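Residue numbering for the sequence shown follows the working numbering, starting at 214 and increasing by one per position. Ideal placement from N, C-alpha and C gives every residue a C-beta, glycine not left out. The model shown is predicted, which means the values in this text are computed figures rather than measured ones. Structure first, commentary second.
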Amino acid sequence: MASGHSSHIWISFTFLLLALVHGQCTIVGFYSASCPLVESIVRSTVQSHFRSDPTVAPGLLRMLFHDCFVQGCDASILISGSNTERTAVPNLSLRGYEVIDDAKTQLEAACPGIVSCADILALAARDSVVLTNGPSWVVPLGRRDGGVSLASDTANLPAFTDSVDMQKQKFSALGLNTLDLVALAGGHTIGTSACQSFKYRTYNFTKVGNGAMDPAIDPSFLPQLRALCPQNGDDSKRVALDTGSPNRFDTSYFTNLRNGRGILESDQMLWADTSTKTIVQHFSMGLSFNLAFVKSMIKMSNIGVKRGNAGEIRKICSKIN
C-alpha cells in the first residue's frame with residue numbers, strides 16, 4: 214500500500230494526468246485565477262474542525278458519496294428544508310455540514326460568488342482522507358450547484374442489505390464498475406454505523422431463521438458484536454466499521470471482510486461473491502488500494518456534473534439562490 218510523502222506526490226502527479234484526460238466537465242486549476250486560495254481555505258477549515266471532532270472526516274467522505282449518487286455531484290445533499298435529500302432516512306446520520314458552511318463563509322469573503330458548494334464538498338472529502346492517513350490527489354474542479362433536492366430521489370442509494378448484484382447495478386447506472394464498487398466501499402475503513410444497520414445479523418438473521426446469526430460472521434467475532442450492540446440496547450449507538458483501525462485510512466477493512474468480520478451485510482457480501490472476492494483479496498494484501506481508491510473517487514466526483522446554466526453558485530450552501 215502506498216504511503217508517505219513521496220507516495221502522495223506520485224499519486225497526485227499520476228492522477229493529475231488522469232484528471233486531465235478523464236476529468237469530463239471539470240478541470241484541474243479551475244480557480245487558479247479567480248480564487249487561488251480555494252484549496253488552502255478548504256483544507257485549513259477541514260483541519261480545524263477535524264482537530265476538535267475527528268468524526269467529521271468520515272462524515273464528509275460519506276456526504277460526497279451520498280451527494281454524487283443523487284442528482285450527480287451538485288451539492289444537492291446540502292440543501293435544507295422539508296422533503297429534501299437531507300431529510301431522507303439514509304442521510305439522517307450524515308455529518309459535517311458545518312464544515313462546508315464554514316468554508317463557504319470564508320470563501321465568500323475571499324472571492325464572493327466564485328466557488329461552488331459542490332467543489333467545496335469534493336475538496337473537503339479529499340482533505341478528510343488525507344487527515345486520516347490516506348492518499349492525496351488532485352481534485353479537478355468546476356462543478357456548479359444544483360437546484361433540485363428531493364428525499365424521494367435517495368431510493369437508489371446503496372443500502373446495507375443490498376446484494377452484490379444490486380450494488381453493481383446501482384454503481385453501473387452511474388458509470389462505475391465493479392472495481393470502483395470495491396474501492397469505494399473501502400472508504401468504510403474510517404467511520405461508523407448505527408447498531409440498527411447490522412444488529413439483525415447477530416441475533417435473528419431472517420435469511421437463516423430460528424434466531425440464528427448470519428453464517429458469514431466469524432463465530433469468534435460474534436460476542437464482540439453482541440457486546441457492542443445488545444439485543445435490547447440502543448439501536449442508534451455508533452460502532453466502528455473497521456474494528457482494527459477505525460480512525461486510520463488503511464486496508465484492514467478488507468482484511469476484516471476476508472476474516473468474516475465485516476460489520477455491514479453489504480460489505481461482507483463482497484467477500485462471498487466471486488466477482489468481487491478477488492479484488493477484496495488483492496486490496497487486503499495491501500496491493501494498489503490507494504491508487505484504485507483515488508481513481509474511483511475522481512470518477513465518482515464527476516458523476517452528473519452541472520456546468521453553465523444547468524447550475525448556479527450558491528451564496529449559502531443550504532439554500533438555493
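- Measuring C-alpha to C-alpha distances from Arg-414 to each of Val-251, Asn-522, Val-343 and Glu-478 identifies Glu-478 as the nearest.
- Contact fails between the stretch 365-381 and the stretch 257-264, because fewer than three Cβ pairs, one in each stretch, are under 8 Å apart.
- Between Gly-272 and Leu-307 the beta-carbon gap is near 6 Å, inside 8 Å, which marks them as a contact.
- When rounded, the separation of the alpha-carbon atoms in Leu-389 and Met-513 is 7 Å.
- Take the alpha-carbon of Ser-341 and the one of Thr-464: they are about 17 Å apart.
- Taking a 10 Å sphere around the C-beta of Leu-397, we find 16 or more other C-beta atoms and assign the residue as buried.
- In the three-state scheme derived from DSSP, where H, G and I count as helix and E and B as strand, Ser-365 is classed as helix.
- With respect to the C-alpha of Met-482, the residue from Lys-381, Gln-319 and Arg-339 having the closest C-alpha is Lys-381.
- According to the DSSP assignment, Thr-405 belongs to the beta strand (DSSP E) that extends over 405-407.
- When rounded, the separation of the alpha-carbon atoms in Ala-523 and Ile-533 is 13 Å.
- Around Val-518, the same chain offers Gln-237, Cys-238, Thr-239, Gly-285, Cys-286 and Arg-356 as residues with beta carbons nearer than 7 Å, after the five sequence neighbours per side are excluded.
- In this structure, Ala-407 and Ser-449 form a Cβ contact; the two beta carbons are roughly 5 Å apart against a cut-off of 8 Å.
- Distance check between Ser-257 and each of Ser-295, Val-343, Tyr-244 and Glu-298 places Val-343 closest, using alpha-carbon atoms only.
- Here Pro-353 is buried: its Cβ has 16 or more other Cβ atoms, across all protein chains shown, within 10 Å.
- With 16 or more other CB atoms across the displayed protein chains lying within 10 angstroms of its CB, Glu-298 is buried.
- Rounded to the nearest angstrom, the gap between the Cα atoms of Arg-520 and Asn-304 is 26 Å.
- Each residue's CA atom was taken as its position, placing Ala-485 and Ser-245 some 46 Å apart.
- Taking 3 residues as the shortest admissible run, the stretch 254-322 contains no complete beta strand (DSSP E) segment at all.
- When only Cα atoms are considered, Gly-242 and Ala-338 end up about 18 Å apart.
- In the structure shown, Arg-461 adopts coil according to DSSP, grouped into three states.
- Distance from the CA of Cys-442 to the CA of His-495, rounded to the nearest whole angstrom, comes to 31 Å.
- Annotation: the continuous beta strand (DSSP E) that includes Arg-451 extends over 451-453.
- Rounded to the nearest angstrom, the gap between the Cα atoms of Ala-368 and Met-276 is 16 Å.
- Comparing alpha-carbon positions, the option among Phe-467, Val-351 and Pro-325 lying closest to Leu-500 turns out to be Phe-467.
- When secondary structure is reduced to three states using DSSP, Asp-375 falls in the coil class, being assigned neither helix nor strand.
- Put simply, of Arg-474, Asp-314, Asn-296 and Leu-435 the residue whose alpha carbon is nearest the alpha carbon of Asn-417 is Leu-435.
- Here Asp-358 carries a strand assignment [DSSP, helix/strand/coil].
- If only complete runs of 4 or more residues are kept, the stretch 466-491 shows the alpha helix (DSSP H) at 478-485, in order along the chain.
- Nearest Cα to Gly-399 within the set Val-493, Ala-270, Val-269 and Ile-292: Val-493.
- For Ala-288, the number of other beta carbons within 10 angstroms of its own is at least 16, and it is reported as buried.
- In this chain, the alpha helix (DSSP H) harbouring Ile-511 covers 502-513.
- For Ser-349, there is no enclosing alpha helix (DSSP H), as DSSP marks it with neither H nor E.
- In terms of CA proximity to Thr-345, Val-269 leads the group Asp-393, Val-269 and Thr-487.
- Taking the C-beta atoms as reference points, Gly-404 is found no nearer than 9 Å to Asp-431.
- For Ser-329, the CB contacts under 6 Å within the same chain, skipping 5 residues up- and downstream, are Arg-356, Arg-357, Asp-358 and Ile-526 in chain order.
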